[in-house]
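What follows is one structure encoded as structure tokens, with my remarks underneath.
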Amino acid sequence: MLCLCFDSCVIATHKTIDHSIAFNKNSTFALAEDQDDKIGTVRTLKTLLINSGLNYASLQNAQNAVKNRTPLKESDINKDIEKAFNIKDINSIYSIALSYHYFKNLEGYSYKYFYYTIYDLNSGKKILWGSINHSGMDDNYLTILKALTKKIKSKIPSDK
10 MLCLCFDSCV IATHKTIDHS IAFNKNSTFA LAEDQDDKIG TVRTLKTLLI NSGLNYASLQ
70 NAQNAVKNRT PLKESDINKD IEKAFNIKDI NSIYSIALSY HYFKNLEGYS YKYFYYTIYD
130 LNSGKKILWG SINHSGMDDN YLTILKALTK KIKSKIPSDK
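Residues in the sequence shown are numbered from 10 upward in steps of one, following our numbering.
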């Protein structure tokens with residue numbers, strides 16, 4: 010298990026479960042947009058993922074793309090499905106599942122706890138999980154979501 014401090018107040022624990030799967034610059038990430046809360050956790054995380062340069066599709070689109078794909082990796086049908094469902098690479102689609110509890114504090118909102126799991130939608134395998142927590146009670150929830158975005162981005166090899 011790996012513990013990291015992203016900012017002075019954020020403690021993060023991450024565990025890679027399946028080392029055979031690697032994100033790449035064409036990986037697409039999905040969230041269940043219909044499960045958002047009143048503070049906009051899913052909406053905010055979606056925006057952070059897109060603004061950081063990651064590919065994003067709704068969970069419904071991602072699931073439909075996987076369901077309708079053909080086994081031939083480079084087929085024209087798969088290329089059409091990628092375009093139709095806003096997927097960069099049909100072989101590299103991941104869903105992010107969140108589990109958290111938020112509360113109101115002096116600065117707005119924060120998370121009492123925040124856990125995430127990332128699944129490979131093509132295989133259904135859990136590939137990465139972790140928790141990100143603040144050490145202070147007056148921290149803003151946005152810091153946690155930025156830390157998760159930064160962690161995902163760090164798993165993608167950079168072009169040099």
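Each residue gets a CB set at the ideal place from its N, CA and C atoms; glycine is no exception.
Ignoring anything shorter than 4 residues, give me the alpha helix (DSSP H) runs that lie fully in the stretch 61-149, in order along the chain. 68-77, 85-93
For Tyr120, which option in Lys34, Thr50, Ile165 has the closest C-alpha, if you only look at C-alpha atoms? Thr50
Distance, Leu115 Cα to Ile99 Cα: 43 Å
Check for me: the beta strand (DSSP E) holding Ala39 runs from which residue to which? 37-40
To the nearest angstrom, report how far apart Leu68 and Lys97 are at their CA atoms. 14 Å
Does the count of Cβ pairs from the stretch 122-132 and the stretch 71-78 closer than 8 Å reach three? yes
Given a cut-off of 7 Å on the beta-carbon distance, is the pair Ser101 and Asn35 in contact? yes
Here's the rule: buried if 16 or more other CB atoms are within 10 angstroms of the residue's CB, otherwise exposed. What is Glu91? buried
For Lys24, list the residues DSSP reports as bridge partners. Trp138
Just to confirm, is the Cβ distance from Ile136 to Ile30 under 7 Å? yes
Just the Cα atoms here: how many angstroms apart are Tyr65 and Thr126? 16 Å
Keeping to the same chain, check which residues put their C-beta closer than 7 Å to that of Met10; ignore five residues upstream and five downstream. Unreliable positioning characterises Met10 in this predicted model, as indicated by a pLDDT of 35, which lies under 50. A coordinate reading is not provided.
For Leu154 versus Leu40, is the C-beta spacing smaller than 7 Å? no
Quick one: what does DSSP say Ile59 is sitting in, helix, strand or coil? helix
Which whole-angstrom value is the C-beta distance of Tyr124 and Ser108, which I expect to be below 8 Å? 4 Å
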